[in-house]
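Structure record follows, encoded as structure tokens.
Numbering (my numbering), first residue to last: 11 to 477.
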């Protein structure tokens with residue numbers, strides 16, 4: 011069906027997916043793993059942080075490009091490449107997201123340390139108690155929100171803003187400023203990476219996780235497609251917006267899925283509009299990785315300045331507790347309280363955002379394969395319930411860090427598998443159907459394949475080290 015490419019309403023009106031992406035990305039790599047390596051190994055790996063953060067721009071751009079052109083979620087695109095590729099990829103994605111509860115239990119460590127309630131509970135018991143409280147409480151977003159994505163976006167803007175402001179203030183303190191020069195000398199120099207003599211082999215999986223989660227990481231990057239879709243980017247403006255379970259279902263939600271194969275004509279008006287959308291896609295993707303890079307840089311700097319001299323680092327059932335010294339060093343006892351509250355909000359917003367995005371991914375896949383006459387909304391809530399229940403169960407299996415590391419390791423291999431598929435969809439398949447002006451520039455081929463080569467190198471290194 012031929013439709014006119016919608017006009018981009020304005021850069022500032024469309025901004026939003028970048029904040030959701032950055033807020034979720036900040037919930038693991040930035041708050042846990044990069045501070046972990048700075049606190050344990052000093053500046054040894056600091057030079058890897060900036061390139062690992064910025065390189066995800068090229069993945070985000072391709073994921074969002076597909077959705078803006080077609081109006082569809084990225085799994086709809088993968089399914090056009092054949093079941094022998096897509097079904098195994100989806101199975102890996104499914105396994106990857108069985109461990110989302112680790113983010114909620116990480117938030118639970120902060121609240122239990124802050125409140126000491128329930129009294130006489132072990133660290134594990136108290137963490138699990140607060141994780142259950144957080145997951146059950148914040149699941150209300152999926153019940154009462156008029157538009158779920160909008161509620162997530164607003165919540166994450168607040169959490170991200172408060173956190174960045176607190177980190178900047180803490181970084182201006184004398185104790186931190188005294189080592190900032192040395193830190194940034196390594197931060198802006200990828201060639202400064204050096205293998206520490208006291209390397210712990212068990213940290214190999216943590217390092218891979220840190221690299222993956224210097225942004226979203228692997229299958230998590232694909233969530234960007236679904237937030238762009240609900241934001242109404244490009245042809246997705248013709249699609250539906252997911253409302254809460256207790257909110258009256260609208261007419262668009264009642265459809266099995268949005269209209270299929272929306273195409274726009276090759277004319278000057280659409281060409282001009284596409285340029286506007288492309289500028290937005292590039293800006294939003296760049297803003298996402300920039301916010302994330304700034305936050306990751308600040309948390310790593312604070313870990314180097316405050317935790318490294320003490321020889322302490324986040325681990326076990328205290329995985330986001332020792333970082334409270336970031337705010338405590340500048341604001342005293344109130345700083346510790348504020349940090350633990352914000353950190354718990356950060357981790358639960360990561361869990362909420364992932365549960366929402368993953369449910370959208372899974373629903374998209376099932377609807378395209380075989381909906382059974384059920385709507386996207388039906389499958390979304392079925393998967394949502396499954397993911398919440400799975401989270402409640404899996405947090406009892408291991409400490410938060412172990413669960414998050416499983417996702418991180420799989421994420422590196424996910425990049426290796428799906429980046430070539432993104433290239434084929436956007437650079438080969440879509441230009442055969444859509445106007446020629448949507449075809450990416452030649453230099454973009456090299457940036458995308460260069461990104462793929464980076465993750466292949468990391469994946470090969472990990473396999474060599476582990477096996």
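Think of the CB as a built atom: it goes at the ideal place given N, C-alpha and C, for glycine as much as any other residue.
No experiment lies behind these values; they were computed from the predicted model shown.
Check whether residue 389 and residue 368 have beta carbons under 7 Å apart: Locating residue 389 in the chain shown gives position 379, counting from the first residue. Locating residue 368 in the chain shown gives position 358, counting from the first residue. No; because the gap between Cβ atoms is not below 7 Å, this pair is not in contact.
Looking at the structure shown, is residue 330 part of a helix, part of a strand, or coil, going by DSSP? Taking the chain shown and counting its residues from 1, the one referred to as residue 330 is at position 320. Correct three-state label for residue 330: coil.
Cα separation between residue 395 and residue 200? For the purposes of this step, residue 395 is taken as residue 385 along the chain shown, with counting starting at 1. For the purposes of this step, residue 200 is taken as residue 190 along the chain shown, with counting starting at 1. If I take the Cα positions, the gap works out to 43 Å.
Which residue comes first and which comes last in the alpha helix (DSSP H) that contains residue 201? Working through the chain shown from its first residue, we reach residue 201 at position 191. Neither: residue 201 is in no alpha helix (DSSP H) and is coded neither H nor E.
Coarse secondary structure for residue 322, derived from DSSP in three states: As a first step, residue 322 must be located in the chain shown, where it is residue number 312. It is coil, neither helix nor strand.
I'd like the ranges of any alpha helix (DSSP H) spanning at least 4 consecutive residues and lying wholly in the region 357 to 435. 386 to 404, 410 to 433
With residue 357 and residue 114 assumed to form a contact (beta carbons below 8 Å), what rounded beta-carbon distance in angstroms separates them? Stepping through the chain shown from its first residue, residue 357 is reached at position 347. Stepping through the chain shown from its first residue, residue 114 is reached at position 104. About 7 Å; that satisfies the 8 Å criterion.
Please report how far the alpha carbon of residue 4 lies from the alpha carbon of residue 391, in whole angstroms. The shown model of the chain, from 11 to 477, leaves out residue 4, and the question about it has no answer.
So, for residue 52: in the same chain, excluding its five sequence neighbours on each side, which residues have a beta-carbon less than 7 Å away from its beta-carbon? Residue numbering aside, residue 52 sits at position 42 when the chain shown is read from its first letter. Closer than 7 Å at Cβ, skipping near neighbours: 314, 318.
Identity of the residue in 473, 334, 246, 426 nearest residue 121 by Cα: Indexing the chain shown from 1 puts residue 121 at position 111. Nearest option by C-alpha distance: 334.
Stretch-stretch touch, CB-based, cutoff 8 Å, three pairs: the region 222 to 240 with the region 408 to 425: yes
List the DSSP bridge partners of residue 273. Working through the chain shown from its first residue, we reach residue 273 at position 263. Paired residue(s): 12.
Helix, strand or coil: how does DSSP classify residue 464 here? Locating residue 464 in the chain shown gives position 454, where the first residue counts as 1. In the structure shown, residue 464 sits in a helix (DSSP, three-state: H, G or I).
Are three or more beta carbon pairs between the region 451 to 460 and the region 89 to 98 nearer than 8 Å? Touching, no.
Residue of 444, 13, 410 minimising C-alpha distance to residue 216: As a first step, residue 216 is located in the chain shown; it is residue number 206 there, counting from the start. It is 410.
What are the uninterrupted segments assigned as alpha helix (DSSP H) that are 4 or more residues long and contained completely in the region 139 to 164, given in chain order? 151 to 154
Determine the direct distance from the alpha carbon of residue 106 to that of residue 310, and round the result to whole angstroms. Working through the chain shown from its first residue, we reach residue 310 at position 300. Working through the chain shown from its first residue, we reach residue 106 at position 96. Approximately 26 Å between the Cα atoms of the pair.
According to DSSP, is residue 226 helix, strand or coil? Along the chain shown, one-based indexing puts residue 226 at 216. In the structure shown, residue 226 sits in coil (DSSP, three-state: anything other than H, G, I, E or B).
DSSP on residue 106, reduced to helix/strand/coil? In the chain shown, the residue the question calls residue 106 occupies position 96. DSSP places residue 106 in helix when its eight states are reduced to three.
Against chain C, with Cβ distances strictly below 7 Å, would residue 163 count as a contact? The chain labelled as chain C is not found in the depicted structure, where only one protein chain is given.
Please specify which runs of the beta strand (DSSP E), each continuous and at least 3 residues long, are wholly inside the region 70 to 118, giving them in chain order. At a cut-off of 3 residues, not a single continuous stretch assigned as beta strand (DSSP E) sits fully inside the region 70 to 118.
Can you list, in chain order, the residues of its chain whose CB lies under 8 Å from that of residue 401, leaving out five sequence neighbours each side? In the chain shown, the residue the question calls residue 401 occupies position 391. Once the five neighbours on either side are set aside, the close Cβ partners of residue 401 are 110, 111, 114, 145, 361, 365.
DSSP three-state assignment for residue 27, whether helix, strand or coil: For the purposes of this step, residue 27 is taken as residue 17 along the chain shown, with counting starting at 1. Three-state DSSP puts residue 27 in a helix.
Check this for me: beta carbons of residue 441 and residue 452, under 7 Å apart or not? Within the chain shown, the letter at position 431 stands for residue 441. Within the chain shown, the letter at position 442 stands for residue 452. Their beta carbons are not under 7 Å apart, which means residue 441 does not touch residue 452 by this criterion.
Using three-state DSSP, classify residue 129 as helix, strand or coil. In the chain shown, the residue the question calls residue 129 occupies position 119. In this structure, residue 129 counts as coil in the three-state DSSP scheme.
contact_flag[the region 281 to 289, the region 142 to 158] where n(CB pairs < 8 Å) is 3 or more: no
Let's see if you can read the secondary structure: which residues bound the alpha helix (DSSP H) around residue 46? Sequence index remark: in the chain shown, residue 46 carries index 36 (1-based). 44 to 51 is the span of the alpha helix (DSSP H), which, as asked, contains residue 46.
Between residue 18 and residue 243, what straight-line distance do the alpha-carbon atoms span, to the nearest angstrom? Here the question's residue 18 lines up with position 8 in the chain shown. Here the question's residue 243 lines up with position 233 in the chain shown. Between residue 18 and residue 243, the C-alpha separation is close to 8 Å.
Residues near residue 269 in its chain [Cβ-Cβ closer than 7 Å; skip 5 each side]: As a working note, residue 269 is residue 259 in the chain shown. Because residue 269 carries a pLDDT of 48, less than 50, the predicted location of this residue cannot be relied on, and no value is offered for it.
Let's test the definition: count the other Cβ atoms within 10 Å of the Cβ of residue 92 and tell me whether it reaches 16, buried, or not, exposed. Counted from its first residue, the chain shown places residue 92 at position 82. Burial call: exposed.
Does the ligand ADP have a heavy atom nearer than 6 Å to the CB of residue 249? In terms of ligand content, the structure shown is empty, and the ligand ADP therefore cannot be addressed.
If the criterion is Cβ atoms closer than 7 Å, does the pair residue 80 and residue 174 meet it? Stepping through the chain shown from its first residue, residue 80 is reached at position 70. Stepping through the chain shown from its first residue, residue 174 is reached at position 164. For residue 80 and residue 174, no; Cβs fall outside 7 Å.
Cβ separation of residue 272 and residue 245, assumed to be a contact under 8 Å, to the nearest whole Å: Here the question's residue 272 lines up with position 262 in the chain shown. Here the question's residue 245 lines up with position 235 in the chain shown. That belief holds up - the Cβ atoms of residue 272 and residue 245 are roughly 5 Å apart, short of 8 Å.
Cβ atoms of residue 29 and residue 241: under 7 Å apart, would you say? Against the chain shown, residue 241 aligns to sequence position 231. Against the chain shown, residue 29 aligns to sequence position 19. Their beta carbons are not under 7 Å apart, which means residue 241 does not touch residue 29 by this criterion.
Below 8 Å, how does it come out for the region 193 to 213 and the region 53 to 72: are there three or more Cβ pairs, yes or no? Three or more beta-carbon pairs separated by less than 8 Å link the region 193 to 213 to the region 53 to 72, which places the two stretches in contact.
Whole angstroms are fine: how far does the CA of residue 70 sit from the CA of residue 298? On the chain shown, position 288 is the one that residue 298 refers to. On the chain shown, position 60 is the one that residue 70 refers to. Approximately 9 Å, taken between the alpha carbons.
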